[in-house]
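Below you'll find the structure, written out as structure tokens, and then a few comments.
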Amino acid sequence: VKIYAGQIQIVCRVRAVLEKQHSAPVQSKLYRSVCKRQKSPALNLAIDIGNTHTKMGLFVANEAVEVIMGEDALAGTLQRYSISRAIISKTGKNDVIELLLKEKNIETLVLSPELKLPLKMLYKTPETLGADRVAGSVAANFLYPGKNILKIDFGTCITYDFVNAAGEYCGGAISPGMM
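Spelled out as structure tokens, the structure:
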């Protein structure tokens, strides 16, 4: 599945302020534009279940077409769109989301250390690394290939992750967040 859950983290951070202005998500102009170009675009759903918030993004190929905030919006999203596949990055626990996707027969991957990633893991204990950190690092490497990257995520915690120019995850650090 060529979708990257970390991309949703980046898109959501930028659009979070705008999303608070709307009580219910609406189909984005970008999504409507993609639908005009393609009869029935394959939609992929990336879900980031964090410690504090759940964020979701709809993607056509690698292009984010809509951002949805809050786990309560998932049922409506599943009714409005024909979603082909989903990937979940979770630090928080939420089995309801996985059950909803299973009920709709949506092919779903859960980001885990066992999943083949487009990053080489140099981290000695990848099973202790949060899926959010892995997803964000994959997204940063996807957006800036061949570059040394220090990804900083300001969420419930502040995380720092380093990916070298060879696409290898070298490690990072975690500290208390801003809240």
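Throughout the sequence shown, residue numbering follows my numbering, covering 622 to 800 in sequence. Using N, Cα and C, we set each Cβ at its ideal position, and we do this for glycine too.
Distance between beta carbons of residue j and residue i, contact taken as under 8 Å
i, j, result
"Ser758", "Leu743", "11 Å between Cβ atoms; not a contact."
"Glu719", "Pro734", "With 8 Å as the limit, Glu719 and Pro734 do not qualify as a contact, their Cβ atoms being about 18 Å apart."
Same chain only: Cβ atoms within 7 Å of residue i, ignoring 5 sequence neighbours per side
i, result
"Ala786", "Gly767, Lys768 and Asn769"
"Ser703", "Leu664"
"Gly671", "Thr712, Gly713, Asp753, Gly776 and Thr777"
"Gly793", "Arg754, Thr780, Tyr781, Asp782 and Phe783"
"Leu771", "Tyr781 and Phe783"
Close-in-space but distant-in-sequence residues of the same chain around residue i (CB under 8 Å, 5 per side omitted)
i, result
"Lys723", "Thr729"
"His643", "Caution is warranted here: a pLDDT of 38 is assigned to His643, below 50, making its placement in the model unreliable, and the coordinate value is therefore given only provisionally. Excluding positions up to five away in sequence, the list is empty."
"Arg705", "According to the sequence provided, residue 705 is Ser. The question's Arg does not apply to it. Cβ neighbours of Ser705 beyond the five flanking positions: Ala663, Leu664, Asn665, Ile727 and Glu728."
"Pro797", "Cys778 and Ile779"
"Leu736", "Leu730"
"Leu738", "Val755 and Val759"
"Met871", "Residue numbering for the chain in the displayed model covers 622 to 800; residue 871 lies beyond these limits and cannot be assessed."
Proximity winner among the options, relative to residue i (alpha-carbon distances)
i, options, result
"Leu750", "Ala685, Asp782, Tyr765 and Glu687", "Asp782"
"Ala696", "His674, Val717 and Ile773", "Val717"
"His674", "Ser733, Glu719 and Asp693", "Asp693"
"Thr746", "Ala760, Tyr790, Lys725 and Tyr765", "Tyr790"
"Lys725", "Gly788, Gln700 and Leu738", "Gln700"
"Glu684", "Leu736, Leu764 and Leu738", "Leu764"
"Asn762", "Ile795, Gly788 and Met799", "Gly788"
Own chain, CB closer than 6 Å to residue i, minus 5 neighbours either side, in chain order
i, result
"Asp774", "Gly757 and Thr780"
"Ser710", "Ala626, Asp669, Leu732, Ala752, Asp753 and Ala756"
"Ala707", "Leu666, Leu722, Ile727 and Thr729"
"Ile795", "Cys778 and Thr780"
Unbroken beta strand (DSSP E) run spanning residue i, endpoints
i, result
"Ala707", "Ile704 to Lys711"
"Lys768", "Lys768 -> no beta strand (DSSP E), and no H or E assigned at all."
"Gly792", "Glu789 to Pro797"
"Thr780", "Cys778 to Val784"
"Asn665", "Leu664 to Ile670"
"Glu684", "Glu684 to Met690"
Host alpha helix (DSSP H) of residue i (start-end)
i, result
"Gly884", "Missing from the structure shown is residue 884; the chain here goes from 622 to 800 and no further."
"Ala696", "Leu695 to Arg701"
In chain order, which beta strand (DSSP E) runs of at least 3 residues are fully inside the segment 725-759?
-> 728-731
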